[in-house]
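Just so it is clear: in the sequence shown, position 174 is 174 by this note's numbering, and no numbers are missing. To keep things clear, I will list the structure first and then write my remarks on it.
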Amino acid sequence: MAAASYDQLLRQVEVLKMENSNLRQELQDNSNHLTKLETEASNMKEVLKQLQGTIEEESGEASGSQLELIERLKGEQNKCSQTLCRINGYRTNTSTVIGCWGLAAQSLSVLHCDWLLPARSLLLAELEKEEKEKDWYYAQLQNLTKRIDTLPLTENFTLQTDMSRRQLEFEARQIRSAMEEQLGSCQEMERRAQARVSRIQQIEKDILRMGHAAWLLQNEEEERGGGRRGRGEEGGASQTNPG
């Protein structure tokens, strides 16, 4: 049961890794495109400034030239507005990706709590249960051995002593047989215990690794979110004060 749950956990972790990789790539693509659009918008602002200056310089010329410049200015303004709308759209998309990234980090934490810790607890409980059973059988065998050792030696042989010894030895064999039937041979018990300990150690490593990964993802989400908010505020300020 614990092994099946652990295998299922590992498969879900691999799926999350792939999703996080795709989210990182999408976030990087959006970031690059956003930078390109912001550069384009900045260049358009410079064009607008130049056109406005040209209109002021040519204010004394023919009205036809002024109308042509005004039409050019309107066209550039429309282009700039479209670019700013695209920038806002990419900011929204980037925020969505960052949110998904945060959900992936939360998913890692949920898996960490819902699967790894219970699996570890189950293995520890199985290990402790078997150790207690083994200790009980060993205690019974030790008690019988002590009783056999208290019987008189062969020089003081009597029929009663011999029957008592045979009875105690028979009980000891029955206990050993019951222990092997319940727990297996000593080698099997040792291998099983070592396997459980190894799985517990691996789960503990995975707990640390997944906890660290979730922490890194959460930090990246906060840093990227803060950076985007800062750039958004700068963009808003520049739109308010184009000059």
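C-beta: ideal position from N, C-alpha, C; glycine also.
Residue j and residue i - do their beta-carbons sit closer together than 9 angstroms?
i    : j    : result
R176 : Y137 : yes
A193 : E133 : no
A172 : L141 : yes
S164 : L183 : no
I148 : L127 : no
L116 : M210 : yes
Determine the DSSP secondary structure at residue i, reduced to helix, strand or coil.
i    : result
L151 : coil
T39  : helix
C100 : For C100, the predicted structure reports a pLDDT of 49, less than 50, and the residue's modelled location is therefore unreliable. A value from the coordinates is still provided. DSSP places C100 in helix when its eight states are reduced to three.
T158 : coil
G211 : helix
S185 : coil
M18  : helix
E223 : helix
Please work out which residues of its chain come closer than 7 angstroms, Cβ to Cβ, to residue i, disregarding the five sequence neighbours upstream and downstream, and give them in chain order.
i    : result
R199 : L123
T158 : none
N143 : none
T161 : L151 and P152
H212 : none
Quick one: is the Cβ of residue i within less than 8 angstroms of any heavy atom of the ligand SAH?
i    : result
Q140 : The ligand SAH is not among the ligands present in this structure, which contains no ligands whatsoever.
Cutting at 8 angstroms between CB atoms, please list the residues of its own chain near residue i, excluding the five before and the five after it.
i    : result
Q174 : none
I207 : H112, L116, L117 and R120
A178 : Y137
Relative to the C-alpha of residue i, which candidate in the options has its C-alpha closest?
i    : options                   : result
F170 : L208, S185, T145 and L153 : T145
Q204 : T161, D162 and S121       : The question names Gln, but residue 204 is Glu in the sequence shown. Taking only the C-alpha atoms, the option nearest E204 is S121.
C186 : M18, A125 and D135        : D135
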